[in-house]
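Asks:
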Amino acid sequence: SYAITASFALNAGGGSGAGFPFEGKAEISGSLEVSGSVIIDGSLTELSSLRYKSNVNTLENALDNVSNLRGVTFKKDSKTEIGLIAEEVVKYYPEIVTLDQSGQPDGVEYSRVGSILIEAIKELNNRVKELEEKVKSLS
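Heads up: the sequence shown begins at 1 in this note's numbering, then just goes up one per residue.
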């Protein structure tokens with residue numbers, strides 16, 4: 001097990017990443033910023049137990065909010081990618097938008113989008129059930 005700082009892990013050996021352990025476990029406290037791709041051969045787990053949370057509330061108006069977001073394609077470094085626009089997401093879900101040093105929208109925490117989509121699907125499912133009941137009552 002290794003306990004190192006993100007700075008050491010990424011900058012040892014002239015910034016090549018040579019200081020990062022190739023085996024074992026690295027515990028990094030603080031933020032880790034990576035320029036480039038991150039490939040994980042395993043899983044990425046975010047702590048999500050109720051014991052770490054307080055004031056838990058179910059998302060409301062998820063379907064309407066999601067309907068206002070745009071899934072887009074865009075070019076980045078001559079590669080076509082798919083995503084969202086942080087400036088648009090922040091209007092509906094500021095909790096999942098990271099800001100730059102000047103307070104402007106900078107990034108989207110995509111791992112949080114799934115929770116929003118679950119609630120949107122549930123709202124849509126309820127609407128479908130209501131319509132099915134109306135159609136059934138017309139028969």
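Where is the CB? At the ideal position from N, CA and C, for every residue including glycine.
Do you know how far the Cα of Ile28 is from the Cα of Thr98?
Replies: Approximately 20 Å, taken between the alpha carbons.
Asks: When DSSP builds the beta bridges, which residues end up paired with Thr80?
Replies: Note: Thr80 sits in a beta bridge opposite Lys75.
Asks: Taking the alpha carbon of Ser35 as the reference point, which residue from Ala120, Val89, Asp77, Val135 has its own alpha carbon closest?
Replies: For Ser35, the nearest C-alpha among the options comes from Asp77.
Asks: What does a CB cutoff of less than 8 Å around Ser37 pick up in its chain, not counting 5 residues either side in sequence?
Replies: Within the same chain, Ser37 has no close Cβ partners at all.
Asks: Do you know how far the Cα of Glu95 is from the Cα of Leu59?
Replies: Those two C-alpha atoms are separated by around 12 Å.
Asks: For a test of the three-state rule: what should DSSP assign to Ser67, helix, strand or coil?
Replies: The answer is helix: DSSP assigns Ser67 an H, G or I state.
Asks: I need the DSSP call for Phe87, collapsed to helix, strand or coil.
Replies: Residue identity check: residue 87 is Glu in the sequence provided, not Phe. Glu87 falls in the helix class under three-state DSSP.
Asks: From the DSSP output, in three-state form, read off Ile39 for me.
Replies: Three-state result, Ile39: coil.
Asks: Could you check what DSSP says for Gly107 in three-state terms: helix, strand or coil?
Replies: In the structure shown, Gly107 sits in a strand (DSSP, three-state: E or B).
Asks: Which of the three DSSP states is assigned to Ser54 in this structure?
Replies: Here Ser54 sits in coil by DSSP.
Asks: Could you name the residues that DSSP lists as bridge partners for Leu99?
Replies: Looking at the DSSP assignment, Leu99 forms a beta bridge with Pro105.
Asks: Would you call the stretch 105 to 121 and the stretch 83 to 90 in contact, with 3 or more CB pairs under 8 Å?
Replies: They touch, by the three-pair rule.
Asks: Which term fits Ile39, buried or exposed, when burial requires 16 or more other beta carbons within 10 angstroms of its beta carbon?
Replies: Exposed, because fewer than 16 other Cβ atoms sit within 10 Å of the Cβ of Ile39.
Asks: Look up Glu60 in the DSSP assignment and say whether it is helix, strand or coil.
Replies: Of the three classes helix, strand and coil, the one that applies to Glu60 here is coil, per DSSP.
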